[in-house]
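The next block holds one structure in the form of structure tokens; read it before the comments.
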Amino acid sequence: MPNGGALRPVALVLLLVLSTSSGLLAPTEEAGVDDVERGAPVFFELQPDTYRTLAGTYEHAVAQDDRGPYADSRLGRFDDQGLLLDRPLSESMLTPRADLRLVIVDLEMPLTVARQELGDVQGIVVREYIAPSGLLLQAPPSAFSALDGMAAVRSVHDVPAAMFLDDSLLDVLLLSGGEAALQGTELRIEGWRDADGPTSVVDLQHGLDFLRQDLDDVAPHALEPRQSIDDGRWRGDLATLDMLGLLLQPSLMWVGPEPTFAIANDNARQHMEVSAVANGFTTSLNGSGIVVAVADSGLDADHGDFGTRVISNADVVGDGSTADKHSGHGTHVACTVLGDGSRGGYAGVAPQAELIFQAMENDNNGQFLSPSLNYILNQAYSQGARIHTNSWGSSQASDQGKYTSSAEDIDDRTAAYDRTHANQEGLLVLFAAGNDGPGTGTVGAPSTAKNTLTVGNHQNRYNGAPDTMMSGSSRGPTDDGRIKPDVVAPGGYVRSCRAQEAGDTGSATWSNQYYLEYTGTSMATPNAAGAAALIREYLVEIALRPEPQGALIKALLILGAEDMGTRNIPNDDEGWGRVNLRDTLAPSGGRGIWVDDRSLLSSTGQSKSYVFNVSASSSPFKVVLAWSDERGSRFSSTQLVNDLDLEVTSPDGTTYLGNVFSNGRSIQAGSRDTLNNVEVVLIDAAQQGIWEVKVKDANHAGSRSQPYSIAVSGQGVNDLRPDPLVVPDSFVMDVSIPQVGDPVAITSEVMNMGNVKAEAVDVVLLVDGTELDRTTVDLFPGTIRSMPWSWTPTVAGTSEVIVRVDPDDVMDEVQENNNDLIIQVNVSAPGVKVSAVDPELRLESSIQTTSSWNITLTNTALIGTNASLAAGESTRLNDGSMPGWYVGLTLANFSLEGRGEDFVTVTVVHQARPAPGTYTIPLTGLDVDNGVTYPYNLTLVVPPLPEAVFTLDYSVVPVHPLDPTTFQFTLTNDGNGPIGYDLFLESPTGWSAGFDNLGSEPGATSGSTGLMDKIASRAVNVTVVPPPAKTVAGAERT
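Quick note on my numbering: the sequence shown kicks off at 731 and runs consecutively.
Structure below.
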């Protein structure tokens, strides 16, 4: 938030993304093109059970990160040998920052663990992740010595000042006089980010070494004039010749040119002269209860089509006005989202949604200005917006495909607000792709953000609609190869509200008093935003899914998206296709939709699986995985932080990986996607049977667990049947080989892989066809229950043990062939048995150093065998420690007749006064001939054992016959632990004695030492009083 509560604008001349690149001129109404062939609205009924909740099964496996031993930065590659530059730099720009180091994380150490261990070092903070193995650390310089020898650290590197200066400025500094030439250039300087967003302050301490600075104190020395646009962000004209000195400041993270943007209305489309199509979709949904934020030029709030639904109309640039005086762009965009058409019939997609508007145009000069996106998104979310749409972007060719500071803002805020498990409510941010097509790699920043829904532009009316891409729509991919745009929406010749005060509407291709027609991704994006509002409304009000993630709405838009023209999704033109709200909300052909946006993956190797019974063959099966990834870094050459993978396995075992496509459909083989945070599998004609969908955490580099959203559509996916089964590999016995007559404890697990609750499921234990036990359980979808069983074998040999679900076949299940878990168990009659009359002994004396047991070794078989007895290490159960006691046996090898016995004494030699506790001595009897072992434990209980030692200077205490005598002795606790002692004095007849410092008062004949530590001593004073002397009559005492 700007200081002092005032809004501080930054002069960002923003591109309102109306298309400019096409050479085609659309006809005006006066040119003879009419609208009579316009198609009827598409209407479809909504069913309350279209969406269902997925309940999957977690697998908590541990896997090594899939990454190389290097970090690919914007300057080049860091590896064990150092930094290999991939661009020229001036010598001064190679000066290292004293407060920063780049660490290459050891490949054996998970990045999540490395982050924690490094962050636990006093004074060190992890600032950035530079893929695939780099972490950028900041600290007082003395703290970096702690990195030496850390298991997490493979190598440590200095970081040059050039890392923090924009490429265009680095190029200038290569020229003679370059630093002087930059004087007066409008720049933006930025500080670091913490968990809450941008910050101006660095405050780190390691011992007595401090690193403290505020960027607000740096800005006056670097920029003049200057302006604060957010916490830790300033813009202004460069006023220092010491660029290197500026870059070395600890509070500074970035210096770059102030972004420049421009308005570009389309007035060049002439030859598409066919009928228009309906704009958007008509459903029983209308956006009621949904709040959409629009950041744009300004708003004609009293146009009429907004009614009373404008919650807030905020000036976010400080010009004192929210009017739409120039192109009317903001009014047109907002009305496309949610206008009600009351002025003449051109209604928006969500005509009852409410509006938060953020005016970004300076009415004095028509420039598009912007505070930081961090500020804009936080403001809108705090006022209730859960969808935020933006029809503007950078006009600089150098920003095309680039991951910028604004892109970082989008990813940071959406990742935070999509943490619905942490009481957030989800936020979907939409951005126009731009109008610099048709060339590849022209998608403009900040629509290059990972988590935004980036929208391209297809024709909305006239010839070719809706399957014709508008030529000017910007194309992907991003610089790091990610798929953009995500979808395309109607953006060609869109009719929407006309701002009455707008004075520069000449680029409109049609207009009347209240409406006009514009073209561009500016128009496509609000159409997609309106669709997103309807999806959120459906999720909240009909599907009763509160607080859906923005990533879920994004996934659902892609789930319903339709490939345009030739089958070739995903592609750089349309991404995953054009928005088809009908296929998102009401798929045809009996297909159902299942969603999950309440699951988390927190470490590499973890996964969650879902099972679906596709009930009809040859129908489409589509899965979309999307997640709001943690913020990337402009310092890194790739931006994916937490890399999740989508794997879909068909009934015949064929596995399809996310985003491995050919001719618009998934194919086998290929490599997993390591770039995108959207992954899709699309099967045109799915086999009937059980499909498994798995979401895997393939490489977790972020600092937090990763929530994700998944949406699945297919024939029979909404098959509401349970599927209880016994979990494979869950059968466990407490002994490896049971013996006849010995009880065996068994555990197994059952779970419900179906989509609804399995009620009153019978589960039985069968041994050799005989039912031994039965229990009944309820199982919710995805629930696992542990089942305990007991069995005492009666015959030797191989027994068939079966845990069976639904033994009476009374339940209609998804699969009927997965109800049994069958285990073959070998029951041993041959073997030896170890026993003792009393396996537990109690140590009675503190000076005792040995303990012995009489052991019987019995051959349980009817024929003779050779046997042995071995003893293991003694263990103190209280803490698991091993005291290292010697264990001796009088005999170790035996030859036993059938059912014969032999006897052996086991002796443990321990120190005097061992620590109190319970000790186990493991014995193992072995039937040598048959290879059958029999474990047996002896127990030695050592209680607290008192042992008091008295020390006195005299063997006989001399006392005065007439006067009291005081002497002292020392009491030492020589027991095996903390012990207290009660002492009593007995005096000869006539004499009296008492403790001076032990009893409740001097002279007491008893007292307590209180609890004394082992080997602790206490001095005790005693006073002895002789009996009164008797004087003979007539005698005198002298």
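Every residue, glycine too, gets a C-beta built ideally from N, C-alpha and C.
Hey, out of the options, whose CA is closest to residue i's CA?
i	options	result
Phe1342	Ser1358, Ser1349, Trp1324	Trp1324
Tyr788	Ala891, Val1544, Ala1238, Gly1335	Gly1335
Val1378	Gly812, Arg827, Val1442, Phe894	Val1442
Pro1732	Val1755, Gly1720, Leu900	Val1755
Phe1161	Tyr1147, Leu1183, Leu1246	Leu1183
Asn1623	Pro1644, Thr1654, Ser1611, Thr1650	Thr1654
Thr1170	Asp1302, Gln1698, Val1159	Asp1302
Asp1459	Thr1477, Pro1468, Gly1705	Thr1477
Thr1505	Met1612, Pro1511, Arg1515	Arg1515
Thr1208	Ser1201, Ala1346, Ser1027, Asn1406	Asn1406
Ile959	Arg1402, Tyr1105, Pro950, Leu866	Tyr1105
Ser1582	Pro826, Pro1613, Val1639	Val1639
Met1339	Asp1472, Lys1180, Pro1511, Val1218	The sequence shown places Ser at residue 1339, not Met. Selected option, being the one with the closest Cα: Pro1511.
His1690	Val1662, Lys1744, Thr1753, Thr1637	Thr1753
Pro1321	Val1353, Ala1023, Val1465	Residue identity differs from the one stated: residue 1321 is Arg in this sequence, not Pro. The shortest C-alpha separation from Arg1321 is found at Val1353.
Leu1414	Met1199, Ser1576, Pro955, Phe1391	First, the amino acid is wrong: residue 1414 is Asp here, not Leu. Taking only the C-alpha atoms, the option nearest Asp1414 is Phe1391.
Trp1521	Pro1468, Leu1015, Gln1230	Pro1468
Output the distance between the C-alpha atoms of residue i and residue j, rounded to the nearest integer angstrom.
i	j	result
Pro771	Gly1484	Because Pro771 carries a pLDDT of 47, less than 50, the predicted location of this residue cannot be relied on, and the following value inherits that uncertainty. Going from the Cα of Pro771 to the Cα of Gly1484 covers about 38 Å.
Asn1165	Gly966	29 Å
Tyr1386	Lys1426	13 Å
Thr1038	Gly1123	29 Å
Ala1044	Asn1120	15 Å
Gly1740	Pro1718	27 Å
Glu767	Tyr1076	Reliability fails at Glu767, whose pLDDT of 34 lies under 50, so the model's placement of it is uncertain and no value is given.
Val1470	Ala1488	37 Å
Gly1727	Val1750	Checking the sequence, you will find Asn at residue 1727 rather than Gly. One C-alpha to the other measures close to 6 Å.
Leu1157	His1118	8 Å
Ile1288	Val1411	11 Å
For residue i, count neighbouring C-beta atoms within 10 Å of its own C-beta (all shown protein chains included) and say buried if the count is 16 or more, exposed if not.
i	result
Thr1150	buried
Ala1291	buried
Pro1758	exposed
Ala994	Bear in mind that the predicted position of Ala994 carries a pLDDT of just 31, short of 50, making it unreliable; the figure below should be weighed with that in mind. It counts as buried.
Ala1777	Residue 1777 cannot be examined here, being either before or after the span of the chain that is shown, 731 to 1768.
Asn1009	In this predicted model, Asn1009 has a pLDDT of only 34, less than 50, meaning its place in the structure is not dependable; the value taken from the coordinates is given anyway. Burial call: buried.
Ser1685	exposed
Val740	For Val740, the predicted model reports a pLDDT of 30, less than 50, meaning its position is unreliable; a value from the coordinates is still stated below. Val740 comes out buried.
Leu1274	exposed
His951	exposed
Asp1142	buried
Leu814	exposed
Arg831	buried
Glu1409	buried
Trp1721	exposed
Arg923	buried
Arg1297	exposed
Under 8 Å by Cβ, that's how I've got residue i and residue j pegged, so tell me the actual separation to the nearest angstrom.
i	j	result
Gly1419	Val1344	6 Å
Gln1436	Asp1382	With a Cβ gap of about 31 Å, Gln1436 and Asp1382 do not count as contacting.
Gly962	Gly921	3 Å
Ser1769	Ala1356	Since the first residue of the chain shown is 731 and the last is 1768, residue 1769 is not available in this structure.
Leu1264	Val1079	7 Å
Tyr1649	Val1672	7 Å
Gly1221	Asn1257	7 Å
Phe1087	Ala1064	6 Å
Gly853	Gln935	6 Å
Taking only beta-carbon atoms, is residue i less than 9 Å away from chain C?
i	result
Thr1170	Of the chains in the structure shown, none is chain C; there is only one protein chain.
Cβ contact (3+ pairs, closer than 8 Å) linking the stretch 1058-1067 and the stretch 1105-1113
no
Three or more C-beta pairs closer than 8 Å, one from the stretch 1487-1502 and one from the stretch 1532-1549: is that the case here?
yes
May I ask you to verify whether the stretch 869-885 touches the stretch 827-841, counting CB pairs closer than 8 Å and requiring at least 3?
yes
Can you find at least 3 beta carbon pairs, one from the stretch 1550-1568 and one from the stretch 1588-1603, that sit closer than 8 Å?
yes
Any contact of the stretch 790-809 with the stretch 854-864, i.e. 3+ C-beta pairs under 8 Å?
yes
At a cut of 8 Å, does the stretch 1607-1617 reach the stretch 1566-1579 through at least three beta carbon pairs?
no
Cβ contact (3+ pairs, closer than 8 Å) linking the stretch 933-947 and the stretch 892-908:
no
Do the stretch 977-991 and the stretch 933-943 make contact, defined as three or more Cβ pairs closer than 8 Å?
yes
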